[in-house]
RNA sequence: GGACCCGUAGCAUAACUGGAUAAUGCACUUGACUACGAAUCAAGCGAUUACAGGUUCGAAUCCUGUCGGGUUCACCA
């Protein structure tokens, strides 16, 4: 079925042609949803047409309105306020629309076919030297949700993770563990592997600072001390040994990384995210090196006197960028070049998206230009889904200053709060402990995910650990509650022996709140498209909140549905409720949020 | 210093990307559970959209400048 806003746009174009003899391009016809405080379903802004009509806004709007009513059966009435033409569609239009989608549980979703666009999306990208924190949570949730939204728009999506598993930072944890752990493993001390390793990373930093202080106290200047501190020298040596493949170092590296992966897996599972493929930088940096050396031979890059290889981007408004160190070892950029190429070889994608924080805007700008200059035509299809930092009320999170919000702690805390809240309300007494825990988990994660995803991805957001995340108002649990409530009503309807709720013949005039609900349901298709275009799950969050709110209003304003004597009307309202629930569930799923059946 | 991003009620966020009287939640004040679940609903309070100019029929949104905050400009990742 063709969308009514599309039809309206075409009609307006035709009418203007007829009335004023002018061709108006499609993008000049603004068909918006009518704002709540005015009467109507869609609003057409007539200001852009005045130069064709050469008449006042009011008269122009009237002329167009008259023509619309005449030409379109679905247009029942219109009103004009200033230059705004508000169109009201007939009840029949809305009823027909609803009947058309009543059996379609995937309303709004596009199908994925053989010919679908193939998009690789990278997100998460952790370091293996410390556990995940709140910033990673935002990344993971965004990545997952973006992937879901891309799929809903009919794209074939491949989710990949790139683990940064090599470099000096890893050697720091390894060294500290060797020196301090006495051979203990995470199992021995009953810790999650990522936290275990992270602690040794912190321990390294502590000891390192101590060593610097000692050297400075003995008269060395600080810069030199930083280089000369024993542990730092040892860490650098370890990195060289790693690069040259010394078995002892490689074994330890593998062991400790595996501890970390086990910890990450647990956190990913808790968050409900997963990947189709995991890349490791230790496997891609050599490719990057080869590509750069080859490009140097081809004269695409320059070599400095000290032996480092650079690309000059000053003509592109950027800087000179080093691609390979003087000693020939790889850099972040080197690896990313290798990974990007490998990824193209693996998937032959139409598009490759990176979910990475906005502090790396510059890096990705450079990466794209460098790849283009190296002659990779597909590089133009690389995009950076840039998102803002998560800040604490007193500023940024800093791992070294201990002001991080740990991912595992936060989720556990949320689950505790959900349990407490639920116990106060006492609605789950009849459930087993396992069932209850499952419900608490869904609610807690619903609250957390919604809290993070409702904010425009590109904006920085503040998180106050002192105030726990809300469960009332514009929150995940509010939306979940609406869903649960509908399920409860539908179950009761079944108990009462009401069957075939999709079969009715409702001849009643639609109530205002029913019209609003139908309007919102109609919007879902456009919302998915917009969320995809804007690369922004917050569009979905805002929508599903409005939908839930409107349903709750409907629920309160309309007399009890299950007591309705007009069976046709009752079934229509049950169907409307059911459809609302399905869309809530689908919309939340796009954000990675599950719905409980009871709460 | 150069480049990029941001500044909206006490707080947290919206505003269909240039459209109507700037919306919602939290907090605060009221009212509604012997009618389908009150994690709900209804009502109230609260904004010179950082500031000053400009463009436009129309500006939170675009342009210029000022002030404030952030990120980046590493042979760190």
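Residue numbers (the working numbering): 2 to 600. Even glycine gets a Cβ: it sits at the ideal position worked out from N, Cα and C. These figures come from a predicted structure and were not determined experimentally.
Within the stretch 430 to 504, the complete alpha helix (DSSP H) segments of 4 residues or longer fall at 434 to 454, 477 to 496, listed in chain order. Around the beta carbon of residue 341, 16 or more other beta carbons lie within 10 angstroms, which makes this residue buried. Rounded to the nearest whole angstrom, the CA to CA distance from residue 553 to residue 424 is 23 Å. When secondary structure is reduced to three states using DSSP, residue 61 falls in the helix class. The C-beta distance from residue 563 to residue 490 rounds to 7 Å, short enough to meet the 8 Å contact threshold.
Non-local beta-carbon contacts of residue 216 in its own chain, meaning distances under 7 Å to residues more than five positions away in sequence, involve 226, 229, 230 in chain order. Look at residue 302 here: in three-state DSSP terms it is coil, with no helix or strand label.
Excluding sequence positions up to five before and after residue 253, its CB lies within less than 6 Å of the CB of 175, all in the same chain and listed in chain order. Three or more Cβ pairs closer than 8 Å define a contact, and the stretch 462 to 476 falls short of that threshold against the stretch 493 to 508. When beta bridges are read from the DSSP output, residue 186 appears opposite no residue. Leaving aside the five residues that flank residue 323 on each side, the residues in its chain whose CB is nearer than 6 Å to its CB run, in chain order, 309, 311. Note on geometry: alpha-carbon atoms of residue 154 and residue 534 lie some 9 Å from one another.
Here residue 178 has 201 as same chain residues with Cβ atoms under 6 Å from its own Cβ, once five neighbours each way along the sequence are excluded.
Residue 453 is positioned such that its CB atom lies closer than 8 Å to that of residue 138. The criterion of a C-beta distance shorter than 8 Å is satisfied by residue 372 and residue 338. At a Cβ-Cβ threshold of 8 Å, residue 358 and residue 459 do not count as neighbours. With respect to the 8 Å criterion, residue 297 and residue 304 are classified as neighbours on the basis of their beta carbons. Ranking 214, 234, 171, 221 by CA distance to the CA of residue 203 puts 171 first.
DSSP places residue 34 in the strand class (E or B) of the three-state scheme. Between residue 164 and residue 281, the C-beta gap is smaller than 8 Å, which places the two residues in contact.
Between residue 515 and residue 429, the CB-CB gap reaches or exceeds 8 Å. Restricting attention to 144, 251, 224, the CA atom closest to the CA of residue 273 is found in 144. Distances from the CA of residue 596 to each of 276, 531, 443 were compared; the closest alpha carbon is that of 443. Between the beta-carbon of residue 81 and that of residue 59 there is about 6 Å, and that keeps the pair under the 8 Å contact cut. The beta carbons of residue 140 and residue 356 sit closer together than 8 Å.
In this chain, residue 160 is not harboured by any alpha helix (DSSP H); it is covered by the beta strand (DSSP E) spanning 157 to 164.
Taken in chain order, the whole beta strand (DSSP E) runs of length 3 or more contained in the stretch 337 to 397 are 352 to 358, 383 to 388, 391 to 393.
Ranked by Cα distance from residue 11, the first of 72, 51, 48 is 72. Residue 140 carries a helical assignment under DSSP once its states are collapsed to helix, strand and coil. Distances from the CA of residue 124 to each of 511, 509, 351, 162 were compared; the closest alpha carbon is that of 162.
Just so you know, the alpha carbons of residue 105 and residue 503 end up roughly 12 Å apart.
At the C-beta level, residue 8 and residue 90 stay beyond 8 Å of one another.
Residue 90: member of the beta strand (DSSP E) spanning 85 to 90, first to last residue. When only Cα atoms are considered, residue 455 and residue 543 end up about 7 Å apart.
Residue environment analysis places residue 363 among the exposed positions, since fewer than 16 neighbouring C-beta atoms fall within 10 angstroms of its C-beta. The C-alpha of residue 250 is placed about 28 Å away from the C-alpha of residue 344.
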